[in-house]
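Per numbering that gives the first Met the number 0, residue 0 is the first one in the sequence shown, and the count goes up by one each step.
Structure, as structure tokens:
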Amino acid sequence: MPDVFISYARATEATAERVSAALRALGYEVWRDDQLSPHRTYADEIEQRLRTARAVVVLWSTEAVKSHWVRAEADLARNAGTLVQATLEGAVPPMPFNQIQSADLSGWRGEADAPGWRKIVASVATLAGAASAKATGSLAPPGRPTLAVLAFDNLSGDPEMTYFSDGVSDEILQTVSRTSDLTVIARSSSFQFRGASKSTRRIAQELNATHLLDGSVRRSGQRVRISAQLVDCATETTLWTDRLDRELSDVFALQDEIAAAVAEALKVAFAPSASVQRVDPTAYDLYLRARTLSVDQDATATIELLEQAVAHAPKFAAAWAALCDARATQARWGPRPKPYAQLRAGVEAAARIALDLNPHAGLPYAALSRLEAMGEYARREALLRQAQALSPDEPDTLTALGAFCNHVGFVQEALGYVQRAWELDPLYPEAANVYGAVMAASGRHAEGLALYEGFRARWPEHEVFIVGPLNYAALRGDWPLYDQLVEIAHASGSDDASLRSTLRIGDALRHGDETVKARLLDRMHDQLAQTGAVPLHSLVTASALGLTKESFEMIDASSYAFIFEESGAVPAGVYNPGIIFDPTYNSAMMRDVRFVGLCAKLGLCRYWVQADRWPDCAQALSEHYDFKAEARRLVDAPAPA
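The following block contains the structure:
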């Protein structure tokens with residue numbers, strides 16, 4: 000059953016395709032006549048799709064007004080209460096459709112913020128429900144399989160062995176992803192389905208998967224038995240199944256066998272692993288235990304387990320890569336048990352060994368990027384792009400590269416990376432939040448807000464999906480939406496500090512509350528006194544409240560030298576440069592030529608000039624000043640005495 004049916008005349012097919020693509024990007028299932036089944040009668044299928052669609056979008060052009068087909072489709076939709084109308088080229092809908100409100104899409108080229116398009120989106124949402132959070136377009140090109148590898152069941156009879164079963168399942172997932180031409184859903188999403196929740200139909204819907212790989216793991220001493228089956232989600236039929244018994248030391252060869260079998264069953268390319276190896280069972284056990292820990296929460300414990308693993312198995316490439324990553328997290332974010340120089344040397348040593356053992360590993364490059372000072376944009380970028388080239392479908396790497404691009408003003412490029420990361424990990428709320436925020440920052444506000452609405456329905460306990468849209472609604476002066484979100488926030492019973500702050504700022508934007516402005520300025524002075532710098536989000540918030548002059552004065556008094564210090568710690572919440580390129584948050588500052596001075600202070604101008612690549616805002620600001628010329632001038636200017 001499609002969410003939306005598109006009715007149009009052949010002369011406006013390009014516009015119909017734009018409408019279809021834009022609605023699919025919002026998560027709707029869209030049908031138009033280019034999808035007619037070859038075995039069915041044209042009229043029969045058209046009528047079935049029309050009658051089952053929740054919304055019917057009719058594009059009235061001069062040719063459509065004359066078309067008996069379009070009129071008939073519109074009439075059926077009108078009688079069913081599913082009609083949504085748009086006019087093209089100044090055409091007037093024929094009677095009786097001229098008595099029904101119609102959105103104007105004349106000259107529309109896909110702009111998400113166009114008034115006519117926003118009316119279409121609102122009407123479709125009313126009829127078909129809020130845009131789905133399940134997808135933002137096709138996860139993969141048509142015909143390319145998308146695989147969900149589930150957490151294999153632990154049949155060892157010991158609940159403590161679940162970590163082992165999950166670890167083996169994850170290694171199979173990674174091997175299939177690395178060695179076959181498949182899109183593979185990330186562990187953090189696919190491993191949410193366990194036991195009774197392993198419904199093929201539900202997994203296909205939740206993860207947009209075409210196939211799933213499931214099975215069981217039984218370990219007895221140094222022997223392991225893995226049973227696996229590959230299922231086609233559309234037909235719910237098993238394409239391949241096998242049972243493999245091996246010594247634990249041969250587990251990587253076993254994983255490679257499973258990956259090859261999956262690739263053969265799906266007829267996709269398979270490349271043997273770069274380093275199929277025998278591994279010491281004790282080392283493998285330590286490695287799997289380390290992977291069950293959160294590095295962010297317990298880097299020290301993770302590092303200790305991995306150091307034991309590589310001591311047992313010095314040629315264990317995956318353990319060296321994981322050790323490099325854990326050490327880099329500790330070196331950058333702490334707590335630091337040793338001086339930074341020693342920690343960095345440990346990271347680099349682990350990276351060298353990992354890459355000597357497996358030159359195709361991307362994780363060591365991503366880890367090394369975290370060692371660079373925040374302001375060393377070119378070095379960070381080179382390492383992140385190397386990691387992404389070697390691991391093109393690794394969600395964490397895609398997210399890191401997307402965050403980097405957003406931080407340096409390449410917002411549209413960032414959107415591509417974070418969208419891909421979310422598609423690969425659709426049940427991970429942090430990835431969803433980054434995706435929604437960058438979508439809105441790219442200027443596609445209607446789509447960003449629709450994403451947030453879907454995420455809020457999925458994760459009502461996560462306040463970030465209320466706070467983000469609240470900020471955008473207030474900054475854009477969309478008070479009906481703001482009031483609606485406030486009601487949702489109050490109904491949730493939330494009293495989070497960030498929500499309270501957002502509501503204060505929103506009310507100040509709405510009513511011009513001078514008390515809130517004064518309080519914000521006082522806090523900025525305190526931040527400057529305590530850290531030597533005012534957080535970037537405070538600066539743009541103050542500017543949005545009309546304190547642009549004061550914000551630039553604070554910038555002049557702030558020092559962001561810490562971002563150029565390799566071993567320097569970044570004060571919490573001070574440095575988030577992506578926000579300064581979001582025109583919704585920061586339009587007043589961006590229109591002021593002094594904005595380029597802030598970019599220069601953050602080292603961004605030098606990066607752009609040397610790379611000869613420019614942020615998206617450079618062109619957008621050309622009506623106010625020559626952004627590129629000013630950036631070059633500041634880079635060439637002599638340093639102050």
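Ideal Cβ placement from N, Cα and C applies to all residues, glycine included.
How about residue i and residue j: are their beta carbons less than 7 Å apart?
i, j, result
"residue 577", "residue 311", "no"
"residue 264", "residue 238", "yes"
"residue 4", "residue 52", "yes"
"residue 350", "residue 325", "no"
"residue 437", "residue 413", "yes"
"residue 372", "residue 565", "yes"
"residue 148", "residue 206", "no"
"residue 151", "residue 215", "yes"
"residue 621", "residue 424", "no"
"residue 623", "residue 590", "yes"
"residue 80", "residue 105", "no"
"residue 466", "residue 501", "yes"
"residue 127", "residue 13", "no"
"residue 287", "residue 166", "yes"
"residue 254", "residue 171", "yes"
"residue 46", "residue 10", "no"
Whole angstroms are fine: how far does the CA of residue j sit from the CA of residue i?
i, j, result
"residue 397", "residue 70", "46 Å"
"residue 587", "residue 400", "28 Å"
"residue 221", "residue 194", "26 Å"
"residue 280", "residue 248", "5 Å"
"residue 626", "residue 605", "13 Å"
"residue 491", "residue 451", "16 Å"
"residue 448", "residue 243", "48 Å"
"residue 138", "residue 524", "Residue confidence is low: residue 138 scores 40 on pLDDT, short of 50, so the model does not pin down where it sits. No coordinate-derived value is stated."
"residue 555", "residue 17", "46 Å"
"residue 304", "residue 374", "33 Å"
"residue 619", "residue 430", "28 Å"
"residue 614", "residue 480", "30 Å"
"residue 402", "residue 497", "22 Å"
"residue 56", "residue 176", "39 Å"
"residue 603", "residue 376", "8 Å"
"residue 531", "residue 558", "6 Å"
"residue 60", "residue 103", "11 Å"
"residue 533", "residue 389", "38 Å"
"residue 36", "residue 262", "In this predicted model, residue 36 has a pLDDT of only 43, less than 50, meaning its place in the structure is not dependable; the value taken from the coordinates is given anyway. Between residue 36 and residue 262, the C-alpha separation is close to 29 Å."
"residue 116", "residue 231", "37 Å"
"residue 547", "residue 541", "7 Å"
"residue 487", "residue 463", "13 Å"
"residue 99", "residue 191", "46 Å"
"residue 616", "residue 580", "7 Å"
"residue 428", "residue 66", "46 Å"
"residue 475", "residue 583", "7 Å"
"residue 179", "residue 543", "49 Å"
"residue 526", "residue 495", "21 Å"
Would you call residue i buried or exposed, if buried means 16 or more other Cβ atoms sit within 10 Å of its Cβ?
i, result
"residue 454", "buried"
"residue 266", "exposed"
"residue 26", "buried"
"residue 435", "buried"
"residue 329", "buried"
"residue 94", "exposed"
"residue 313", "exposed"
"residue 379", "buried"
"residue 551", "buried"
"residue 641", "What the structure shows of the chain is the stretch from 0 to 640, and residue 641 is not part of that stretch, so it cannot be assessed."
"residue 125", "exposed"
"residue 363", "buried"
"residue 563", "exposed"
"residue 108", "exposed"
"residue 284", "buried"
"residue 120", "buried"
"residue 210", "buried"
Would you mind giving the Cβ-Cβ distance between residue i and residue j, rounded to the nearest angstrom? I have them listed as a contact below 8 Å.
i, j, result
"residue 383", "residue 368", "5 Å"
"residue 575", "residue 535", "6 Å"
"residue 154", "residue 217", "4 Å"
"residue 309", "residue 318", "5 Å"
Unbroken alpha helix (DSSP H) runs of length 4 or more, entirely within the stretch 399-430: which are they?
Segments of the alpha helix (DSSP H) lying fully in the stretch 399-430: 410-423.
What are the complete alpha helix (DSSP H) segments, minimum 4 residues, inside the stretch 309-348?
316-332
Going along the chain, which unbroken runs of the alpha helix (DSSP H) with 4 or more residues stay wholly within the stretch 12-97?
12-24, 41-51, 61-65 and 67-79
Where are the beta strand (DSSP E) runs, 3 residues long or more, that stay fully inside the stretch 137-196, in chain order?
145-148
Please give me, in chain order, every unbroken run of the beta strand (DSSP E) with length at least 3 that falls completely inside the stretch 451-485.
Complete beta strand (DSSP E) runs here, min 3: none at all.
Inside the stretch 195-278 only - beta strand (DSSP E) runs reaching at least 3 residues:
210-219, 222-231 and 236-246
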